[in-house]
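Per this note's numbering, the very first residue in the sequence shown carries number 307; after that it's consecutive. Take a look at the structure below.
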Amino acid sequence: MKYFISLLLLLFSTHSILNAQKKIILDTDPSADPDDVGCMAMLHNMATNGECEILAIINSTHYKQSSLSISAINEFYNRKAIPVGDYKGYKAKIESPKENYDYHLARVYPRSLMSWIDAIDGVSLYREILASADDTSITIVIIGTMHNFYDLLKSEGDQFSSLNGIELVRRKVQQVVTMGGNFIDGKGFDRTNWGGSETLCNYTNWSCLNTERNQMCQYVIEHCPSPFIASGWEVGCGDYYNANYGNVITGQNLRTLDSTHVLRRSYEYHFLTRGETENISRHSNDQCALHYAVRGESNNYTAFTNGKITLSEDGACNWDNSINMFQGYIQKSRDKDSIAREIESLMMMNIQEVNLIPPSQPKNIVLDRKNNKLIWDKSVDKSKGSWVVGYNIYIEDHYFKMVYGNQLLFDDLMTKDTNLVLKAVNSSGIESEASFFTLK
Ligand SMILES: [Ca+2]
Numbered sequence: 307m308k309y310f311i312s313l314l315l316l317l318f319s320t321h322s323i324l325n326a327q328k329k330i331i332l333d334t335d336p337s338a339d340p341d342d343v344g345c346m347a348m349l350h351n352m353a354t355n356g357e358c359e360i361l362a363i364i365n366s367t368h369y370k371q372s373s374l375s376i377s378a379i380n381e382f383y384n385r386k387a388i389p390v391g392d393y394k395g396y397k398a399k400i401e402s403p404k405e406n407y408d409y410h411l412a413r414v415y416p417r418s419l420m421s422w423i424d425a426i427d428g429v430s431l432y433r434e435i436l437a438s439a440d441d442t443s444i445t446i447v448i449i450g451t452m453h454n455f456y457d458l459l460k461s462e463g464d465q466f467s468s469l470n471g472i473e474l475v476r477r478k479v480q481q482v483v484t485m486g487g488n489f490i491d492g493k494g495f496d497r498t499n500w501g502g503s504e505t506l507c508n509y510t511n512w513s514c515l516n517t518e519r520n521q522m523c524q525y526v527i528e529h530c531p532s533p534f535i536a537s538g539w540e541v542g543c544g545d546y547y548n549a550n551y552g553n554v555i556t557g558q559n560l561r562t563l564d565s566t567h568v569l570r571r572s573y574e575y576h577f578l579t580r581g582e583t584e585n586i587s588r589h590s591n592d593q594c595a596l597h598y599a600v601r602g603e604s605n606n607y608t609a610f611t612n613g614k615i616t617l618s619e620d621g622a623c624n625w626d627n628s629i630n631m632f633q634g635y636i637q638k639s640r641d642k643d644s645i646a647r648e649i650e651s652l653m654m655m656n657i658q659e660v661n662l663i664p665p666s667q668p669k670n671i672v673l674d675r676k677n678n679k680l681i682w683d684k685s686v687d688k689s690k691g692s693w694v695v696g697y698n699i700y701i702e703d704h705y706f707k708m709v710y711g712n713q714l715l716f717d718d719l720m721t722k723d724t725n726l727v728l729k730a731v732n733s734s735g736i737e738s739e740a741s742f743f744t745l746k
């Protein structure tokens, strides 16, 4: 009997671990390299599997079409209600060049984000989602530059939360996984998102130092209060001095997908002006970072954690395990082709249909006069592959706006006796039954 009860307990605990869905905010730079689309395809398919929820996807490039391409991809995967953020700190946004797939996706595919101007400010979106999240519940995956996350860490308390960026991340974020750096044997020179390296200019013409990115990343590494894991360039791509690390090549079967499939087309657009016609496969830098973020080491990676990362002014990465700043890096723990097969199968899965089952309606709406806002109990969506992304707010029967947490800050529009309607929204954009509240 005792054995039977232990077995039952074990089964239950295993079950709850299997059901522990990661709540992902993806920070990406869809533009020149389609591994970001490979990563988003994989993210949507892992969400369909019930392995994760996608709380937001945020762009870090200065291209007008990048955020639009994210919206097109979400729409293609029948999840048009996922909020799309954009980095608003650039002096100006520019047109994406025709060599970039985001230029084409924005032109060709339907999307609910009509203009890049309407994309939500990335830092504000981070703050709104984190403010309403359960403690240590969020996994942030950064597969672009650090622009949004750097500004988040530097942000002050605001209407969403009185906590500054560092305290908000400390409380709400379980882990940050970032594609960047280079850590063969714990050290190497960055070639990508962390600013590249002057030293590597001797070898290639595309990894020269970007001082701004280098400095942002140094700040992030020094100040990120949550566990911070790097999936370095050598994990998904390769390394010029160590052939064993080699490229994790995915995309070889993309041409078996429908000719209008957004994933296949992104890779084809990428090669349109680059001379390739037959082979449209690529390295999998961004996919490896996400793969680890959602599935952990599994049998694919070894994580070297509980140390301290430093990034020099020349892009040299170093990991020191004598000081525990909860920072580390991953390396492949099995052959690259096996990892590639697993990633590619996750990229290629069938698309989930729109989930027409509405989430539960918002309950227990109360007025928080002290903080000048309405708060309510979070709605739930029990359908596999679907979740609550936010709440549509209506004022006197007119659509007002969507909020991405269970709080609504007061606005000039709301005077005494204003009638409000709240509806929870699932990732496909399906609304719950209405809940009503009248401001007294
Ligand atoms: Ca990327």
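Ideal Cβ positions, reconstructed from N, Cα and C, are used throughout, including at glycine. The structure presented is a predicted model; accordingly, all values stated were derived computationally and were not measured.
| request: Could you tell me the distance, in whole angstroms, from the CA atom of M720 to the CA atom of L745? | output: Taking C-alpha positions only, M720 is separated from L745 by approximately 8 Å.
| To the nearest angstrom, how far is it from the Cα of N661 to the Cα of S733? | 8 Å
| query | Bridge partners of F743, per DSSP? | reply | Its beta-bridge partners are L726.
| What runs of the beta strand (DSSP E), each 3 residues or longer, lie entirely inside the segment 476-500? | 479-485 and 493-495
| For E504, which residues of its own chain have a beta-carbon under 6 Å away from its beta-carbon, when the five flanking residues on both sides are left out? | The residues are L515 and D620.
| request: Please classify E540: is it buried, with 16 or more other beta-carbons within 10 angstroms of its beta-carbon, or exposed? | output: So E540 ends up on the buried side.
| field | Delimiting residues of the beta strand (DSSP E) encompassing T608 | value | Y607 to L617
| Complete runs of the beta strand (DSSP E) confined to the segment 646-711 [at least 3 residues] | 669-674, 679-683, 694-701 and 704-709
| task | Using 8 Å as the cut-off, classify the Cβ of M522 as near or not near the heavy atoms of ligand 1, replying yes or no. | result | Judged by the Cβ position, M522 fails to qualify as a neighbour of ligand 1 at the 8 Å threshold, every heavy atom of the ligand being at least this far.
| message | Please classify M653 as buried or exposed, where buried requires at least 16 neighbouring CB atoms within 10 angstroms. | response | Result: buried.
| message | Suppose you measure from the CA of D641 to the CA of A338; what does that come to, to the nearest Å? | response | 27 Å
| Cβ-Cβ separation, G428 to G486 (assumed contact under 8 Å), whole Å | 18 Å between Cβ atoms; not a contact.
| When we look at the beta-carbon of Y546 and count the other beta-carbons within 10 Å, is it buried (16 or more) or exposed? | With a pLDDT of 48 at Y546, under the threshold of 50, the modelled position of that residue is not reliable, and the figure given next carries that caveat. It counts as exposed.
| task | Take the Cβ of D491 as the centre, count every other Cβ of all protein chains shown within 10 Å, and call the residue buried at 16 or more, exposed below. | result | exposed
| said: Need the endpoints of the alpha helix (DSSP H) that D341 sits in, please. | reply: D341 to T354
| So what does DSSP say about C623, is it helix, strand or coil? | strand
| Can you tell me the Cα-Cα spacing of S412 and K722, whole angstroms? | Per the sequence presented here, residue 412 reads as Ala, with Ser not at that position. Those two C-alpha atoms are separated by around 42 Å.
| message | Does the contact criterion of 3 or more C-beta pairs under 8 Å hold for the segment 402-409 versus the segment 370-380? | response | Segments in contact, yes.
| For I331, the residue or residues it bridges with in DSSP | I331 is bridged to A362 and I446.
| said: Buried or exposed, going by whether 16 or more other CB atoms sit within 10 Å of the CB of S604? | reply: So S604 counts as exposed.
| query | If you measure from the CB of M485, is any heavy atom of ligand 1 nearer than 8 Å? | reply | yes
| Any idea which residues DSSP pairs Y635 with across the strands? | A536 and F610
| query | Residue ranges of each beta strand (DSSP E) run of no fewer than 3 residues wholly in the segment 405-476, ordered along the chain? | reply | 444-448
| query | Terminal residues of the continuous beta strand (DSSP E) containing D392? | reply | V390 to D392
| query | Hey, R417 and N380: beta-carbon distance below 9 Å or not? | reply | yes
| message | Between A353 and chain B, is any beta-carbon pair separated by less than 9 Å? | response | Among the chains of the structure shown, chain B does not appear; only one protein chain is present.
| query | CB of I450 to nearest heavy atom of ligand 1: below 8 Å? | reply | The sequence shown places Gly at residue 450, rather than the Ile named in the question. Yes; taking the cut-off as 8 Å, the Cβ of G450 has a heavy atom of ligand 1 nearer than that.
| query | Can you list, in chain order, the residues of its chain whose CB lies under 7 Å from that of G735, leaving out five sequence neighbours each side? | reply | K386 and A387
| Hey, how far is the Cα of N454 from the Cα of S572? | 24 Å
| message | Quick test of the definition: if touching needs 3 or more C-beta pairs under 8 Å, does the segment 529-537 touch the segment 590-598? | response | yes
| query | Any heavy atom of ligand 1 within a distance shorter than 8 Å of the CB on T556? | reply | Not so, every heavy atom of ligand 1 lies at least 8 Å from the Cβ.
| In three-state DSSP terms, what is L563? | coil
| query | Which residue from K688, Y710, Q713 and D717 puts its Cα closest to that of I701? | reply | D717
| task | Taking only heavy atoms of ligand 1 into account, decide whether any of them is closer than 8 Å to the Cβ of D392. | result | no
| Hey, how far is the Cα of I323 from the Cα of E357? | Because I323 sits at a pLDDT of 44, beneath the cut-off of 50, its placement in the model cannot be relied upon, and the point is left open.
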